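J.: Right, I'll just put the structure down here and ask away after.
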């Protein structure tokens, strides 16, 4: 199994790149999607969130009010840490389970993790960073996710800088231009990924609890 770590800042278009890789034959392990799964109604994670932050974080149908929770925790580091302590272990364990399940199969597995650079928990064959100009990212968050400009800039500022992220990359995909240009880069990335070595095993004692994502709201 070739395990390709894919990361990028909020608004970078990382999910678009991962979708293009799936179109080319990759298997996807998506930390954001797993986060939503472990927070489904009836889950232990959602019950723990409601106990810690209050029942008003739940909608009438029992689902999580994601934006309400995001508005509360992103303005308070202690509250965010409390949420992370609930969510991250469950997400990390599920990611590890899926990696273990995929190990031994041929092909490329894309590990799409927003915080891969900040917390390099999983040994990957290589790390790819999707990089985008900050102003482009802000515009995407405002137009596509309905964030205010202030909220978008605040979330970007809390993340690792573009320079730090690029410095840790084995390959960078620049997503500032057209969709056609992005497809060309992904074609090149796909050809390169298939030449990579298989991913090493996780170190003994690793428990899969390192942060994988900071996505709480939209």
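Numbering (my numbering), first residue to last: 1144 to 1361. Ideal Cβ placement from N, Cα and C applies to all residues, glycine included. Predicted model, so just to flag it, every value in this text is computed and none were measured.
For residue 1306, report the span of its alpha helix (DSSP H) as first-last.
T.: Your numbering for residue 1306 matches position 163 in the chain shown. Residues 1305 to 1310.
J.: With a 10 Å radius around its C-beta and 16 neighbouring C-beta atoms as the bar for buried, classify residue 1189 as buried or exposed.
T.: In the chain shown, counting from the first residue as 1, residue 1189 sits at position 46. The residue is buried, with at least 16 neighbouring Cβ atoms inside 10 Å.
J.: Helix, strand or coil: how does DSSP classify residue 1246 here?
T.: Here residue 1246 corresponds to residue number 103 of the chain shown, with the count starting at 1. Note: residue 1246 maps to coil in three-state DSSP.
J.: Kindly list the residues whose CB is nearer than 7 angstroms to the CB of residue 1223, restricted to its own chain and excluding five residues on each side of it in sequence; keep chain order.
T.: Here residue 1223 refers to the residue found at position 80 when the chain shown is read from its first residue. Cβ within range, chain order: 1216, 1217.
J.: Looking only at its chain, what residues have a beta carbon closer than 6 angstroms to the beta carbon of residue 1317, apart from the 5 residues adjacent to it on each side?
T.: Counted from its first residue, the chain shown places residue 1317 at position 174. Excluding residues within five positions, the ones whose Cβ falls inside 6 angstroms are 1274.
J.: Can you check the segment 1163 to 1209 for any beta strand (DSSP E) of at least 3 residues that lies completely inside it and give the ranges in chain order?
T.: If we require 3 residues or more, the beta strand (DSSP E) runs fully inside the segment 1163 to 1209 come out as 1170 to 1173.
J.: Whole angstroms is fine: what's the gap from residue 1192's alpha carbon to residue 1234's?
T.: By one-based count along the chain shown, residue 1192 stands at place 49. By one-based count along the chain shown, residue 1234 stands at place 91. Cα to Cα, residue 1192 sits roughly 14 angstroms from residue 1234.
J.: Would you mind working out which of 1288, 1338, 1335, 1196 sits nearest residue 1155, comparing C-alpha positions?
T.: Taking the first residue of the chain shown as position 1, residue 1155 is located at position 12. It is 1288.
J.: In chain order, what residues of the same chain have a beta carbon less than 7 angstroms from the beta carbon of residue 1162, not counting five sequence neighbours either side?
T.: On the chain shown, residue 1162 is found 19 positions in, with the first residue counted as 1. Hits under 7 angstroms: none found.
J.: Cα separation between residue 1247 and residue 1304?
T.: Residue numbering aside, residue 1247 sits at position 104 when the chain shown is read from its first letter. Residue numbering aside, residue 1304 sits at position 161 when the chain shown is read from its first letter. Roughly 35 angstroms separates the two Cα atoms.
J.: Could you tell me whether the segment 1173 to 1187 touches the segment 1248 to 1256, where touching means 3 or more Cβ pairs closer than 8 angstroms?
T.: Yes, the segment 1173 to 1187 touches the segment 1248 to 1256.
J.: Give every residue of the same chain whose Cβ lies closer than 6 angstroms to the Cβ of residue 1226, excluding the five residues on either side of it in the sequence, and list them in chain order.
T.: Here the question's residue 1226 lines up with position 83 in the chain shown. Hits under 6 angstroms: 1216.
J.: Looking only at DSSP bridge pairs, what is residue 1255 linked to?
T.: For the purposes of this step, residue 1255 is taken as the residue at position 112 of the chain shown. Answer is 1149, 1173, bridged to residue 1255.
J.: Can you tell me whether residue 1205 is buried or exposed? The criterion is at least 16 other CB atoms within 10 Å of its CB, across all chains shown.
T.: As a working note, residue 1205 is residue 62 in the chain shown. Classification of residue 1205: exposed, given that the 10 Å Cβ count is below 16.
J.: So, do the segment 1263 to 1273 and the segment 1305 to 1312 have three or more beta carbon pairs nearer to each other than 8 angstroms?
T.: Yes, the segment 1263 to 1273 is in contact with the segment 1305 to 1312.
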